[in-house]
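Note sheet for the following structure.
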Amino acid sequence: MEESEPERKRARTDEVPAGGSRSEAEDEDDEDYVPYVPLRQRRQLLLQKLLQRRRKGAAEEEQQDSGSEPRGDEDDIPLGPQSNVSLLDQHQHLKEKAEARKESAKEKQLKEEEKILESVAEGRALMSVKEMAKGITYDDPIKTSWTPPRYVLSMSEERHERVRKKYHILVEGDGIPPPIKSFKEMKFPAAILRGLKKKGIHHPTPIQIQGIPTILSGRDMIGIAFTGSGKTLVFTLPVIMFCLEQEKRLPFSKREGPYGLIICPSRELARQTHGILEYYCRLLQEDSSPLLRCALCIGGMSVKEQMETIRHGVHMMVATPGRLMDLLQKKMVSLDICRYLALDEADRMIDMGFEGDIRTIFSYFKGQRQTLLFSATMPKKIQNFAKSALVKPVTINVGRAGAASPGCHPGGRIREGGGQDGVPARVPAEDAAACTHLCREEGRRGRHPRVPAAQGG
Numbered sequence: 189m190e191e192s193e194p195e196r197k198r199a200r201t202d203e204v205p206a207g208g209s210r211s212e213a214e215d216e217d218d219e220d221y222v223p224y225v226p227l228r229q230r231r232q233l234l235l236q237k238l239l240q241r242r243r244k245g246a247a248e249e250e251q252q253d254s255g256s257e258p259r260g261d262e263d264d265i266p267l268g269p270q271s272n273v274s275l276l277d278q279h280q281h282l283k284e285k286a287e288a289r290k291e292s293a294k295e296k297q298l299k300e301e302e303k304i305l306e307s308v309a310e311g312r313a314l315m316s317v318k319e320m321a322k323g324i325t326y327d328d329p330i331k332t333s334w335t336p337p338r339y340v341l342s343m344s345e346e347r348h349e350r351v352r353k354k355y356h357i358l359v360e361g362d363g364i365p366p367p368i369k370s371f372k373e374m375k376f377p378a379a380i381l382r383g384l385k386k387k388g389i390h391h392p393t394p395i396q397i398q399g400i401p402t403i404l405s406g407r408d409m410i411g412i413a414f415t416g417s418g419k420t421l422v423f424t425l426p427v428i429m430f431c432l433e434q435e436k437r438l439p440f441s442k443r444e445g446p447y448g449l450i451i452c453p454s455r456e457l458a459r460q461t462h463g464i465l466e467y468y469c470r471l472l473q474e475d476s477s478p479l480l481r482c483a484l485c486i487g488g489m490s491v492k493e494q495m496e497t498i499r500h501g502v503h504m505m506v507a508t509p510g511r512l513m514d515l516l517q518k519k520m521v522s523l524d525i526c527r528y529l530a531l532d533e534a535d536r537m538i539d540m541g542f543e544g545d546i547r548t549i550f551s552y553f554k555g556q557r558q559t560l561l562f563s564a565t566m567p568k569k570i571q572n573f574a575k576s577a578l579v580k581p582v583t584i585n586v587g588r589a590g591a592a593s594p595g596c597h598p599g600g601r602i603r604e605g606g607g608q609d610g611v612p613a614r615v616p617a618e619d620a621a622a623c624t625h626l627c628r629e630e631g632r633r634g635r636h637p638r639v640p641a642a643q644g645g
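Given below as structure tokens:
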């Protein structure tokens, strides 16, 4: 129910109290005037009142726990100007009483205050300003025109579960789309399929088997996968398909876009992701498809060069949080039509201190969007992000939720050919000798060794 607006007071211009001047009437109105207090200040005042109540309650509990001992001390040592105790002794007595309080009670109080402050700080939902102002909430995910093949839909849920169990895919959520074991069955164009074969990618990895159909269906998703598992293709191929569909329906005009936004924690990762998008967009253009423009917005590059692509209309944008925040604040980039957002390595971005920037970026969206979170781990802050930003998300876990990869971490050797997403994968240094021995043995037998997916294959 909408609250009734408070009665507005209007100053009379024709009536002035008898024996009083015009200024006295205005002074009376000024005394009745209540200044407007912003919502943030009102919340802070309310928080201060709550903290004061908690302190008062804690002090009362301490008095009840101590029983009559403090009163006995006060009776033993009379205080006041009529007592025979000197002021120094009175001061020392009060000081000892203050130090006698339990430290555990103080620590408990401090922890409660920290929890309240954290709840207020993290209470800002990942929503746009318009959504928060009008109280708009979304109950259903975005609908897309993509549908799985008919024979896949006709399969039973038990068969889908067997496929997930075979590839060690853990899923959570309602109405989970079926896994698909072929890029062709995912209905990608022939140019995309040829590009995948050129990269040596013939079959999807576990995260791609379940993740790509989920995103193509329009569902919000949390992907927990290690580096080298092929997760980059999970959010790059669908955004290319969505932008291609939008361009065919209505070509993008100047300064329009982006439709898809990918945020990466580092410049190097943003460059790799941008290179993958450019590669497949170029293949589509060579196959007589419309030109799809992709902008790279990272620090260390000229803003003029980045804006040159945006001025012609951009379909996709890969950016780092700092540069994107700068462009949004200067109104050089607009997210009015952006309906696709992917956060790569979200846990790393939070650890680097970009949580506030990401919350601010969310406030620039104008409508519902499809949100994807990719992370090697699943910390509590990522769970809080999902609760406030995602609509009926599907969680896909193909790796350990506490570590990156059992066989992929910095400090190893780069394997030739890279991972399933085109990004070079790393083989651990301690396993390098074993891998070399395996390759030699398999080479003598005339066979090509297959690098496990856990090592970036």
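The C-terminal position of the sequence shown is numbered 645 in my numbering, with every residue numbered one higher than the one before it. Where is the CB? At the ideal position from N, CA and C, for every residue including glycine.
- With 16 or more other Cβ atoms inside 10 Å of its own Cβ, Val340 counts as buried.
- For Cys482, the enclosing beta strand (DSSP E) begins and ends at 482-485.
- Beta-bridge annotation (DSSP): Phe562 is paired with Gly411.
- The residues Ile410, Leu531, Ala534, in chain order, have a CB closer than 6 angstroms to that of Leu561 in the same chain once the five nearest residues on each side in sequence are set aside.
- Between Phe371 and Pro392 the beta-carbon gap is near 6 angstroms, inside 8 angstroms, which marks them as a contact.
- Per DSSP, the beta-bridge partners of Asn585 are Leu358, Ile412.
- Rounded to the nearest angstrom, the gap between the Cα atoms of Ala379 and Tyr468 is 8 angstroms.
- When secondary structure is reduced to three states using DSSP, Tyr447 falls in the coil class, being assigned neither helix nor strand.
- Taking a 10 Å sphere around the C-beta of Ser405, we find 16 or more other C-beta atoms and assign the residue as buried.
- If you check the CB distance, Ile549 and Met520 do not come in under 8 angstroms.
- Here Ala483 is buried, its C-beta having at least 16 other C-beta atoms within 10 Å.
- Contact between the region 421-433 and the region 570-577 is absent: fewer than 3 CB-CB pairs across the two stretches fall below 8 angstroms.
- DSSP, reduced to helix, strand and coil, places Leu438 outside both helices and strands of the structure shown, so it counts as coil.
- About 7 angstroms separates the CB atoms of Arg443 and Ile498; that is less than 8 angstroms, so the two are in contact.
- Our two residues, Ile464 and Thr415, have alpha carbons roughly 16 angstroms apart in a direct line.
- With 16 or more other CB atoms across the displayed protein chains lying within 10 angstroms of its CB, Ile364 is buried.
- The criterion of a C-beta distance shorter than 8 angstroms is satisfied by Arg407 and Pro329.
- Apart from the 5 residues on each side of it in sequence, Arg352 sits with its Cβ closer than 8 angstroms to the Cβ of Leu358, Val359, Pro367, Gln398 in its chain, given in chain order.
- Given a length threshold of 3 residues, each whole run of the beta strand (DSSP E) inside the region 533-579 is given here in chain order: 558-563.
- For Met505, the enclosing beta strand (DSSP E) covers residues 504-507.
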